[in-house]
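Shown next, in structure tokens, is the structure this report addresses.
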Amino acid sequence: MKPDRIVIEISSENLRKIIGLLKEKLGDEGFYLNTIVGTDYPSDKLFQIDYYITLIPDEQTIVLRVKIPREEPVIDSILDLVPGALPGECEAHDLLGIVFRGNKYLKRGFFVPIEVAEKGIYPLRKDSGV
Amino acid sequence: MAVDKIIEVPLVLEIPVGPQHPALHEPLLLKVYAEGEEIVKVEINTGYNHRGIEKLCEKRSFYKDIFLVGRVCGICNTVHADCFVRAVEEILGVTPSDRARYLRTLAQELERIHSHMLINAVMAEIVGYETLFMLIMRDRELIMKAKEILTGCRVLADYIMVGGVRRDIDDAKKEKILKILDKIEPKIKYYMKVFEEDVTITKRLVDVGIIEPKDVTLHSLVGPIARASNIHIDVRKSDKYDAYGEVPFEIVVRKEKDSWARMMVRWEEALVSLEICKYILENLPNDGKAVPDERRLPRRFPPGETFTRVEAPRGELTYYVKSDGKPNPYRVKIRTPSYNNIINTGFVYLEHSIADLPVILVSFDPCISCMERVVVIDLAEGSRKLVPLKKLASKG
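Chains as they are written, first to last, in this note's numbering: chain P, 266 to 395; chain D, 15 to 410.
See the structure below:
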């Protein structure tokens, strides 16, 4: 990915293991979670979730890319490992309907106006009609 | 039946601070639970300013989006436009001239100075110095004037475009801006001294809202907040975008970790920004046109994706832009600094008194229109377990 971001594609089962390894090798002050970006690919029937991680002190940003099936969008939460994941996970849940297993703060109407959320619309899904 | 258990319910105050509140200038609700004067839990509720900008970006063309992202935030509009435009330029393979890169840097640094002055003025007001607020805001107008000379507008500049900037400057304008910079420097140094030495300000700010370096990285806090806790991060140094690779400057870092350090980092950064602005004006390259011909810009967008970062006044701002070869972007994701800095900092307020709350919040430089989203929930780590009366009542 431009400019000079290394993209590492991993399976959803390995995500927590890799974040745990990062914590172990670099320490709590060795990196921070930049953001979580979810993208909808209805033609491929999947959701792509990118975890942007910036390594300190060089501030090199790497991307952990996970793809999960669109029919069953469930992935393990990393909130207990990295508390900074809270807004990213909650936002991805509210806008795309991805479920982060283990994140007890997920809820609809977190971000989307409540009248849209009540209709079960996930605005950033390509077929949402928004 | 003998009584074998007594449940003592401590008196817990529930205080809503905001969304409309004289101490906060933007819509945000801090639901504070306090036992006596001590804060035991804070819920941060936002979502009063949600505009669905990411979805709107998908519905418009790349060129129209530049104007849209410039309106995510009023104060830091240039950095938003710069970050998005650089993402689009990476997709298109367009490189702006050196002169344009220098001018972009100049606009962003002027923006940083006036943003830092604004939040320091608000802090002065919060601790009770309304005159100091007025004085800092008066002198901030000088920087607004400099920005107007450069970009044509005081606030919303729409200065950055694909391939360059919208206006070039001549020698007369250069001299005018340099004169303003010379005029403002002693004023900033004076205000910095006030923040350093004034008894009331230091009493209100020192040792209030301490954030340990470990908590900074774990909670993804960025910008002056991270640098005030001795974390050396600055996108200008690491990504070397625009002219930051060629302009000499140092990252401002402090070790105190408290609200006072965060404000001092901002004052020191304002002085560093002044030096950057002077360097740019004195060393402005003449390698060609800074303003590209809009009619000759590419109309076809190749597929590709980019992730650009920029050091906004409040911290690291990132844009993810994905193109699938159509005129509109496939996905735009904006992660603003306040998004992390406000939502993830519920834990900082704990064990402080109610009076410290506005001070700590202002020291984070909250920008609600940037953050634009979300309702958050308890981050009360390490808080004591309390049973609020309300909850007990609801359970009968």
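Glycine included, each C-beta is placed from N, C-alpha and C at the ideal position.
query	result
How about SER243/D and ILE225/D: do their beta carbons lie closer than 8 Å?	yes
By the DSSP assignment, the alpha helix (DSSP H) with LEU120/D in it spans what residues?	112 to 140
So what does DSSP say about MET266/P, is it helix, strand or coil?	coil
Taking only beta-carbon positions, decide if TYR317/P is within less than 8 Å of chain D.	yes
Alpha carbon to alpha carbon, how far is THR145/D from LEU320/P? Give it in angstroms, no decimals.	43 Å
Find the residues of chain D that neighbour ASP323/P, judging by a C-beta separation of less than 8 Å, and give them in chain order.	SER252
Going by Cα to Cα distance, which pick from ASP305/P, LEU344/P, GLY285/P is closest to GLY367/P?	LEU344/P
Using a Cβ-Cβ distance under 8 Å, would LEU44/D count as near chain P?	no
What is the DSSP secondary structure of LEU298/P, reduced to helix, strand or coil?	strand
Are ALA114/D and THR165/D closer than 8 Å when you measure CB to CB?	no
Under a Cβ-count criterion, where at least 16 other Cβ atoms within 10 Å of its own Cβ denotes burial, should ILE273/P be classed as buried or exposed?	exposed
Which residue wins for smallest C-alpha separation from PRO322/P, given the options LYS384/P, LEU291/P, LYS267/P, ARG270/P?	LEU291/P
Can you list the residues of chain D that VAL347/P reaches, using a CB-CB cut of under 7 Å?	LEU232
Is the Cβ of PRO343/D closer than 8 Å to any Cβ of chain P?	no
Go ahead and label ASN358/D buried or exposed: buried means 16 or more other beta carbons lie within 10 angstroms of its beta carbon, across all protein chains shown.	buried
List the DSSP bridge partners of LEU43/D.	ASN59/D
Buried or exposed: which applies to HIS246/D, given that a residue is buried once 16 or more other Cβ atoms fall within 10 Å of its Cβ?	exposed
Let me make sure I understand the geometry here. Which of ILE105/D, ILE157/D, VAL176/D has the alpha-carbon closest to that of PHE81/D?	VAL176/D
At the level of alpha carbons, what is the spacing between VAL26/D and GLU52/D?	10 Å
Along the chain, where does the beta strand (DSSP E) containing PRO334/P start, and where does it finish?	325 to 334
For ALA48/D and ILE183/D, what's the separation of their Cα atoms in angstroms?	55 Å
Taking 8 Å as the threshold (C-beta atoms), are GLU104/D and THR320/D in contact?	yes
Below 7 Å CB to CB, which residues in the same chain sit around SER129/D once its five sequence neighbours on both sides are set aside?	ILE89, CYS90, PRO327
Quick check: what's the CA-CA separation for VAL304/P versus PHE312/P?	First, the residue type needs correcting, since residue 304/P is Thr and not Val in the sequence shown. If you take the alpha carbons of THR304/P and PHE312/P, they lie about 6 Å apart.
Can HIS233/D and PRO352/P be called in contact, C-beta distance under 8 Å?	no
Helix or strand or just coil, what does DSSP make of GLU365/D?	coil
Whole angstroms are fine: how far does the CA of PRO334/P sit from the CA of ARG118/D?	42 Å
The segment 98 to 110 of chain D: which residues have C-beta closer than 7 Å to a C-beta of chain P, in chain order?	GLU104
Report buried or exposed for CYS167/D, applying the criterion of at least 16 other Cβ atoms within 10 angstroms of its Cβ.	exposed
Between TYR297/P and chain D, is there a C-beta pair that is closer than 8 Å?	yes
Please report the Cβ distance between ASN59/D and GLY237/D, rounded to the nearest whole angstrom; I am assuming they are in contact, meaning their Cβ atoms lie under 8 Å.	In fact, because the Cβ distance is near 23 Å, the residues do not count as touching under 8 Å.
If you check the beta carbons only, do LEU329/P and LEU360/P fall under 8 Å apart?	no
Below 8 Å CB to CB, which residues in the same chain sit around SER337/D once its five sequence neighbours on both sides are set aside?	PHE76, ILE105, PHE315, PRO316, PRO317, GLY318, GLU319, PRO343, TYR344
Do you know how far the Cα of ASN279/P is from the Cα of GLU155/D?	53 Å
Within the 8 Å Cβ cut-off, does PHE312/P reach chain D?	no
So with Cβ pairs under 8 Å, would you call ARG168/D a contact of chain P?	no
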